[in-house]
Each structure stands twice: as structure tokens, then as C-alpha cells.
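S.K.: If you're matching positions, the sequence shown starts at 800 in our numbering and goes up one per residue.
Ideal Cβ placement from N, Cα and C applies to all residues, glycine included.
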Amino acid sequence: EHYSIIQPEVPVANHPLGGKNKAFLDTLEQADVVIVAGEAESHCVLESVEDIVEDFGDKPAALRKIYFLRDCTSPVLHPDVDFHALAVARFGDFARQGVNFVNSTDPLSFLAQTA
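What follows is the structure, encoded as C-alpha cells:
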């Protein structure tokens with residue numbers, strides 16, 4: 800099962816998709832800007848960002864170029880579990896490490912720098 804785009808929930812030795820996708824992480828690290836959006840905020844997107852932050856944890860410059868579009872994702876809805884609140888708590892941790900959380904309608908400084 801892959802919730803994250805980076806690695807499976809349970810690693811599988813000797814399988815081409817069974818471990819961390821280091822090549823993709825290297826590509827993200829080389830990018831000028833990384834924009835994150837998608838479904839579902841509370842599961843796949845959260846797991847993906849968590850894996851990226853874990854890999855870039857000792858690279859503050861790499862973390863600062865990640866922009867998470869808050870209004871371009873939504874959580875899994877459940878009558879008994881507030882998945883959005885759980886995701887927001889984790890995202891607060893990521894923001895403290897340098898990840899940017901913005902809305903798609905916000906002026907984005909990196910656009911002026913790359914134009």
C-alpha cells in the first residue's frame with residue numbers, strides 16, 4: 800500500500816517499488832520550488848509531505864522551497880474522527896521546520912523571483 804508518493808507503508812525488500820524513491824526525492828531537492836496539493840489531505844498528502852520533511856530534515860533550504868496549497872486539498876471525512884484536525888497538527892510541525900503553507904490565491908513571492 801502506498802499512501803505516500805515517496806515510499807510504501809510497508810517496505811518490500813528486493814522489489815522495485817518496495818522502498819523509498821530516492822531518485823524522486825533528489826529531483827525535489829534540485830527543484831527551485833515544490834508545490835504540494837492533492838487528495839486526501841489527511842492521508843496520502845500528509846504521508847507524502849511527512850516523508851519529504853523527514854528526508855529533508857537536515858536541509859532547511861530544501862524545506863523552505865516547499866509550498867503546500869491548503870485550499871487545494873481536503874481531508875477524508877469521517878463521522879467520528881476529525882482527520883482535518885489531525886492533519887493540521889502535523890502540518891504545524893512541518894511549518895515550524897520551514898515548509899510554507901499558503902492558499903492558491905495568495906501572492907507567491909517565488910513567482911516574482913522566477914518570472
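Assuming ALA861 contacts GLU808 (C-beta within less than 8 angstroms), just tell me the rounded distance between them.
M.R.: Actually they are not in contact, since the Cβ atoms of ALA861 and GLU808 sit about 24 angstroms apart, beyond 8 angstroms.
S.K.: With a threshold of 8 angstroms, are at least 3 pairs of Cβ atoms found where one atom belongs to the stretch 860 to 878 and the other to the stretch 898 to 905?
M.R.: Output reads yes: the stretch 898 to 905 touches the stretch 860 to 878.
S.K.: Can you tell me the Cα-Cα spacing of PRO859 and GLU853, whole angstroms?
M.R.: Cα to Cα, PRO859 sits roughly 11 angstroms from GLU853.
S.K.: How many angstroms separate the CA atom of PRO815 from the CA atom of HIS801?
M.R.: Those two C-alpha atoms are separated by around 13 angstroms.
S.K.: So if DSSP puts VAL901 in a beta bridge, which residue, or which two residues, is it bridged to?
M.R.: DSSP output for VAL901 lists LEU868 as bridge partner(s).
S.K.: Output the distance between the C-alpha atoms of PRO810 and ASN820, rounded to the nearest integer angstrom.
M.R.: Looking at the two C-alpha atoms, the distance is approximately 11 angstroms.
S.K.: Short of 8 angstroms in beta carbon distance, which residues of its chain neighbour ASP870, apart from the five on each side in sequence? Order them along the chain.
M.R.: The residues are ASN902, SER903 and THR904.
S.K.: If you follow the beta strand (DSSP E) that ILE834 is in, where does it begin and where does it stop?
M.R.: Taken as a continuous stretch (DSSP letters only), the beta strand (DSSP E) holding ILE834 covers 833 to 835.
S.K.: Tell whether a beta-carbon distance below 8 angstroms holds between ILE805 and SER873.
M.R.: No; because the gap between Cβ atoms is not below 8 angstroms, this pair is not in contact.
S.K.: Cα separation between GLY774 and SER803?
M.R.: Residue 774 falls outside the range modelled here, since the chain spans only 800 to 914, and no answer is possible.
S.K.: Going by Cα to Cα distance, which pick from ALA886, SER908, PHE823 and LEU907 is closest to GLU849?
M.R.: It is ALA886.
S.K.: Starting from the Cα of PHE890, find the closest Cα among LEU907, SER908, LEU845 and ASP857 and give me that residue.
M.R.: For the residues LEU907, SER908, LEU845 and ASP857, the minimum Cα distance to PHE890 belongs to LEU845.
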